[in-house]
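Trainee: Residue numbers (the numbering used here), protein chains in the order written: chain A, 1 to 149; chain B, 1 to 185.
Even glycine gets a Cβ: it sits at the ideal position worked out from N, Cα and C.
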Amino acid sequence: MADSRRFFDDIAVGEEYESPGRTVTEADIVLFAGLSGDYNILHTDAEFMKQSIFGERIAHGLLGLAIQAGLFTRATQAYATLAFVGLRWKFKGPIKIGDTIRLRAKVTAKKETSKPDRGLVTVERTVVNQRGEVVQEGETELMVERRRK
Amino acid sequence: MSVAAPRFYFEDVVLHGVLETPAMTVTETHVALYGGVTGDGAREHGLVPDLLPLCLTTGLGWRVPQPPLAVLAFMGVEWAADAPLRVGDTIHSRSETTLKRSMKEGGVIIEQRQVVNQRGEVVQHGKFTFLVASAPPDRLPPHRRAAMTFDPRHKSARSWTAPTAPPRAPTSARSASPTKTSRAR
Chain A
1 MADSRRFFDD
11 IAVGEEYESP
21 GRTVTEADIV
31 LFAGLSGDYN
41 ILHTDAEFMK
51 QSIFGERIAH
61 GLLGLAIQAG
71 LFTRATQAYA
81 TLAFVGLRWK
91 FKGPIKIGDT
101 IRLRAKVTAK
111 KETSKPDRGL
121 VTVERTVVNQ
131 RGEVVQEGET
141 ELMVERRRK
Chain B
1 MSVAAPRFYF
11 EDVVLHGVLE
21 TPAMTVTETH
31 VALYGGVTGD
41 GAREHGLVPD
51 LLPLCLTTGL
61 GWRVPQPPLA
71 VLAFMGVEWA
81 ADAPLRVGDT
91 IHSRSETTLK
101 RSMKEGGVII
111 EQRQVVNQRG
121 EVVQHGKFTF
131 LVASAPPDRL
141 PPHRRAAMTF
151 DPRHKSARSW
161 TAPTAPPRAP
171 TSARSASPTK
181 TSRAR
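1) Am I right that E141 (chain A) and T122 (chain A) are in contact with their C-beta atoms under 8 Å? What's the rounded C-beta distance?
2) Name, please, each residue of chain A whose Cβ falls closer than 8 Å to the Cβ of E78 (chain B).
3) If we cut at 7 Å on Cβ distances, does A36 (chain A) have a partner in chain B?
4) Cutting at 7 Å between CB atoms, please list the residues of its own chain near P53 (chain B), excluding the five before and the five after it.
5) Quick check on DSSP: helix, strand or coil for K50 (chain A)?
6) When you compare the region 125-137 of chain B with the region 71-79 of chain B, are there three or more beta-carbon pairs, one atom per stretch, that lie closer than 8 Å?
7) Whose C-alpha, out of B:G120, B:L19, B:A80, is nearest the C-alpha of G61 (chain B)?
8) Along chain A, in chain order, which residues have C-beta atoms closer than 9 Å to that of M103 (chain B)?
9) Rounded to the nearest angstrom, how far is the Cβ of H30 (chain B) from that of L35 (chain A), given a contact under 8 Å?
10) Spatial neighbours of T44 (chain A) within its chain, please: CB distance less than 6 Å, with the 5 preceding and 5 following residues excluded, ordered by chain position.
11) For the alpha helix (DSSP H) containing F32 (chain A), name the first residue and the last one.
12) Going along chain A, which residues have a C-beta under 9 Å from F130 (chain B)?
13) Could you pull the DSSP bridge partners for K90 (chain A) from this structure?
14) Output yes if chain A places a C-beta closer than 7 Å to the C-beta of R119 (chain B); else output no.
15) Ends of the beta strand (DSSP E) at L186 (chain B)?
16) Tell me whether D151 (chain B) sits in a helix, a strand or coil according to DSSP, three-state version.
17) Using a Cβ cut-off of 7 Å (strictly closer), state whether D40 (chain B) contacts chain A.
18) Using only the alpha-carbon positions, how far apart do V135 (chain A) and V14 (chain B) sit?
19) How far does the beta strand (DSSP E) with Y9 (chain B) in it extend, from its first residue to its last?
20) Counting only beta-carbon atoms, is A70 (chain B) nearer than 7 Å to chain A?
21) Just reading off the alpha helix (DSSP H) that R74 (chain A) is part of, what are its end residues?
22) Who are the near neighbours of S93 (chain B) in its chain, counting only those whose CB is closer than 6 Å to its CB and skipping five residues on each side?
23) What residues are listed by DSSP as bridge partners for I95 (chain A)?
24) Could you check where the alpha helix (DSSP H) with I41 (chain A) kicks off and where it finishes?
25) Please confirm if G46 (chain B) has its CB atom under 7 Å from at least one CB of chain A.
26) Chain B partners of F67 (chain A), CB-CB under 9 Å?
27) At 7 Å on the CB atoms, spell out the chain B contacts of F8 (chain A), in chain order.
Listed below in C-alpha cells is the structure:
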C-alpha cells in the first residue's frame with residue numbers, strides 16, 4: 001500500500017488548512033483537569049467563576065493547545081513527522097464551555113537541515129471561536145521526513 | 001467559619017526561586033485519556049504524544065508544598081522537545097522564575113521549566129508567561145497566609161485584558177508574526 005503521508009518534499013510554503021469545528025464541553029474540561037492535575041479554580045469552580053470577569057469556568061489554555069493539535073490531524077493529511085521540535089504560543093482570550101473552535105494553519109517556512117533525510121517545517125496556527133475571535137495563536141516546528149531518492 | 005484556600009500571589013513569587021516537583025510515571029492510561037479528550041495521538045506506539053508532557057507538567061506543580069499561583073491569565077508558552085518520552089517513563093519538573101515584572105496591578109512572571117526523566121535527562125523544556133494577581137490590600141500577616149485566597153472579583157482581576165505578546169526567543173526565525181495574522185482575520 002502506498003504511503004499516504006506527506007513528506008517534506010510534498011509540503012509547500014503558503015499551504016493553508018482549516019479544520020472542522022470542535023465544541024469544547026464541560027466534560028472536556030473535567031477530564032483535562034483530572035488528566036493533568038491542574039485544578040485551578042478558573043477551570044473547576046463554577047460558583048466562584050460566576051463572580052469573575054469570565055462569568056463562568058474557562059478551559060485550560062493547554063487544553064485548547066492540545067485540541068488544536070488534534071484538529072490539525074483532521075485538517076490535512078498526516079505529515080511524515082519524525083519529531084516535534086517546538087512551539088511558540090499565545091493565549092489571547094478565554095475558551096468557554098460550549099464554544100466551538102477551529103484551527104486555521106499555514107505553512108510559513110521550510111528549512112533543510114544538516115541531515116539529508118529530513119527538513120524543518122514551520123506552521124503558523126490560529127485557533128478561532130464561533131464568532132471568529134482569535135483565542136489562541138502561535139507556531140509550531142516539526143521535523144519531517146524527506147522522500148527517499 | 002469557612003477558611004479560604006491559600007494562593008500564591010505576585011508578591012510571594014521569588015525571582016530565581018527554584019521549584020522541583022514530585023515525579024509521576026506516564027502510563028498507557030494517560031495516553032488513552034489524552035487521545036480521547038484532544039484527538040491528538042502519538043506518532044508511534046509506545047511513544048507519549050508530543051504535547052502530553054507539557055500538559056502533565058502543569059499539574060505536577062500542584063503537588064509541591066506551596067499554594068497554587070494566583071494566575072489571572074496564562075499569556076503564553078514557548079516549548080521545545082529535546083528527547084522522546086516513552087510510556088513507562090517517570091517524569092518530574094523543575095522550574096525557575098527568571099523574570100518578575102510589576103504591572104499597575106499584579107505582574108508578569110516568566111518561569112523556565114524542564115521536564116526531566118528517571119535518568120535525569122531533560123526531555124522537554126521551555127518557558128511559561130503568566131499574569132499573576134497582587135495580594136489583596138487587606139492581606140493577612142505572613143503567618144496567616146494560609147487563610148487567604150485569590151479573588152477574581154478583586155479589582156486586579158477586572159483589569160484583565162487580552163494579554164500582550166510574551167518576549168520572543170532570540171532564536172526565532174520567522175517570516176510573519178502571529179499578531180499580523182490575527183489582524184488580517
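Mentor: In short, the structure shows the following:
1) E141 (chain A) to T122 (chain A), Cβ: 5 Å. Contact.
2) G86, L87, R88, W89
3) According to the sequence as given, residue 36 (chain A) is Ser; it is not Ala. Cβ-Cβ to chain B under 7 Å: yes for S36 (chain A).
4) Result list for P53 (chain B): L85, I91, V115, V123, Q124, in chain order.
5) helix
6) Two segments are said to touch when three or more pairs of C-beta atoms, one from each, lie closer than 8 Å; by this definition the region 125-137 of chain B touches the region 71-79 of chain B.
7) B:L19
8) Result: empty, since nearest Cβ-Cβ is about 16 Å, beyond 9 Å.
9) 7 Å
10) A33
11) Counted as a single uninterrupted DSSP element, the alpha helix (DSSP H) harbouring F32 (chain A) occupies residues 26-36.
12) Result: empty, since nearest Cβ-Cβ is about 10 Å, beyond 9 Å.
13) According to DSSP, which records beta bridges pairwise, K90 (chain A) is partnered with A:E137, B:G76.
14) no
15) Here chain B comprises residues numbered 1 to 185, so residue 186 (chain B) is not present and cannot be evaluated.
16) Below a pLDDT of 50, predicted positions are generally treated as unreliable, and D151 (chain B), at 45, falls in that range; no measurement from the model is reported.
17) yes
18) Cα atoms of V135 (chain A) and V14 (chain B): separation of roughly 30 Å, rounded to the nearest angstrom.
19) Run containing Y9 (chain B): none; DSSP gives neither H nor E here.
20) Chain A contact via Cβ: absent.
21) 61-75
22) T21, T57, L60, R113, V115
23) DSSP lists no partner for I95 (chain A).
24) 41-44
25) False, the Cβ-Cβ gap to chain A never drops below 7 Å.
26) With the sequence shown as reference, residue 67 (chain A) is identified as Ile, and Phe is not the correct amino acid for it. Near I67 (chain A) (Cβ distances below 9 Å), the residues of chain B are V37, T38, G39, D40.
27) Residues of chain B passing the Cβ test: none, with the nearest at roughly 15 Å.
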